[in-house]
Structures are given as structure tokens and as C-alpha cells.
Amino acid sequence: MRRFLLCLLPVVAACSTSPEQNTTSESAPLDSAELVTEPMDTARPATINAQSDTLKVVRKRHIFSSPSTPDVFTLALRGPNLLSGEATFTITAAGGQVIFREVLTAPDLEAALVYEMKGSTATQAEREAYVRRRMEEFFADKNFQKPALPKAATFQPGLADRAAWDDLHRRSDALGFHYLVGKEDRRVIAWSPLRKQVVRLQ
0 MRRFLLCLLP VVAACSTSPE QNTTSESAPL DSAELVTEPM DTARPATINA
50 QSDTLKVVRK RHIFSSPSTP DVFTLALRGP NLLSGEATFT ITAAGGQVIF
100 REVLTAPDLE AALVYEMKGS TATQAEREAY VRRRMEEFFA DKNFQKPALP
150 KAATFQPGLA DRAAWDDLHR RSDALGFHYL VGKEDRRVIA WSPLRKQVVR
200 LQ
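Counting in numbering that gives the first Met the number 0, the sequence shown runs from 0 upward without gaps.
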């Protein structure tokens, strides 16, 4: 009997150890590098925040891709200041789909100031005022023209494809939107019923 009890002692000793102790003893020690980890890239703030960094937004509703329902034209300038931000130009259809998007820099909006300057330089306040005015006039009624392509227009390779261009050239009701980028880059875009997208004509 005594020999039987002596045999049970190791079993009892093993059972007296708690599960927590077993887990702890079997776990590998934490490495110090695991205790302090860098945040994931997705946790880092974006360079430009759409809310806090928005400097100026201009919107206009105008008939464009649909003859009966106006689209929303938006120009939103974001960044640290008016002279070094980015202006996102979008056209959004009535259903909420963005049908056109282009990013312009603040210098793209400011460059034509040289034609209005009285001296060789402009102050920061004058430059900022010009950028604001460019944005406010960006969607002026005079920039929407019908037809999108006048009869005397000639096809420019590298922009819209020839079939879309010819189709718009025949349409007297097609509407074109004109806007200036930089000092002399005058662009014309239009909705192509043939391609079901916005195309650049000039």
C-alpha cells in the first residue's frame, strides 16, 4: 500500500499545477522589439485632409451630359495655402457618378496673372486674390459654348478619337466647356454621346 501511495505522489504534484502556470511556462518570452511597434501606414494622417485643408470650393449646376438634368461642376482647392495647393476639377452627373476629374495646381490657376500685372512682380496678396478670382470665374456662363465644335473646327489628333470628334462636330446641340490651364493652354471638353464619356476636343 505504501508503495502504491508513493507512486501517486508525482501524479498529484503534476495535477496541482494550475493551467495558467502551464501556459506561462510554455510561452516564449516577448521580444523587446515586439513591445514597441511602428503604426501601420494606414494609421498615418494623409498629406492633405479633405476637411481641414480645403481652402476654397466653387460649384455650379449646368446642363452638360444630359439635355434635361444638370451636372454639378466643382473646383475644390486644398493644401497649405492658396499658392501651393491642388485644385480638383470634377463633373458629377445627376446620379452621383463622377464623369470627369482633373487635378490642377495653384500655379496652373495663377500663371495667367502675368498678363494683368502692371509691374514685374506681384505681391502675395495680389497673387492670392487672382487665384480666388480665377476660381470664381472658372464656371462662368461664357465658358459653356454651343455647339461644342464650330463648323470651321479641324480635328486634332491625340485628343478625342476621330469617330467621337466627327459625331460631336455634326451635333449643333452639343455643349462644350472651355477652361484655361496655365498661361495659354486653353482646353475644351464635351460629353460624347457616342462614347458615353467626357472627351477633350482641344
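Don't be surprised by glycine CBs; every beta carbon is placed ideally from N, CA and C.
Since residue i and residue j are thought to touch, with beta carbons under 8 Å apart, how far apart are those beta carbons, to the nearest angstrom?
{"i": "THR73", "j": "ARG58", "result": "5 Å"}
{"i": "THR87", "j": "VAL102", "result": "5 Å"}
{"i": "GLN201", "j": "GLN144", "result": "That pair is no contact at about 11 Å."}
{"i": "ALA121", "j": "LEU108", "result": "Between LEU108 and ALA121 the Cβ distance is about 14 Å, and since that is not below 8 Å, they are no contact."}
Could you tell me the alpha carbon to alpha carbon distance between residue i and residue j, rounded to whole angstroms?
{"i": "LEU167", "j": "GLY181", "result": "26 Å"}
{"i": "GLY94", "j": "LYS117", "result": "46 Å"}
{"i": "PRO192", "j": "ALA124", "result": "44 Å"}
{"i": "VAL56", "j": "LEU76", "result": "6 Å"}
{"i": "ASP52", "j": "ARG169", "result": "44 Å"}
{"i": "ALA110", "j": "ARG126", "result": "10 Å"}
{"i": "ASP160", "j": "MET134", "result": "30 Å"}
{"i": "ARG185", "j": "SER83", "result": "22 Å"}
{"i": "SER119", "j": "ASN142", "result": "29 Å"}
{"i": "VAL71", "j": "TYR178", "result": "16 Å"}
{"i": "PRO79", "j": "ALA105", "result": "11 Å"}
{"i": "LEU54", "j": "VAL130", "result": "11 Å"}
{"i": "ALA139", "j": "PRO149", "result": "20 Å"}
{"i": "ILE69", "j": "GLU85", "result": "It is Pro, not Ile, that sits at residue 69 in the sequence shown. If you take the alpha carbons of PRO69 and GLU85, they lie about 26 Å apart."}
{"i": "LEU81", "j": "GLU115", "result": "19 Å"}
Below 8 Å between beta carbons: does that hold for residue i and residue j?
{"i": "ALA173", "j": "ALA152", "result": "no"}
{"i": "SER64", "j": "ALA92", "result": "yes"}
{"i": "ILE90", "j": "VAL197", "result": "yes"}
{"i": "ARG132", "j": "ALA163", "result": "no"}
{"i": "ARG100", "j": "LEU158", "result": "no"}
Complete alpha helix (DSSP H) runs within the region 107-143 (minimum length 4 residues, chain order)
The alpha helix (DSSP H) runs lying completely inside the region 107-143 and spanning 4 residues or more are 123-136, given in chain order.
List, from N- to C-terminal side, the beta strand (DSSP E) runs of 3 residues or more that fit wholly inside the region 60-91.
Here the runs fully enclosed are 70-77, 85-91.
Entirely within the region 170-197 and at least 3 residues each: give me those beta strand (DSSP E) ranges in chain order.
Note on the region 170-197: whole beta strand (DSSP E) runs with a minimum of 3 residues are 175-180, 184-191, in chain order.
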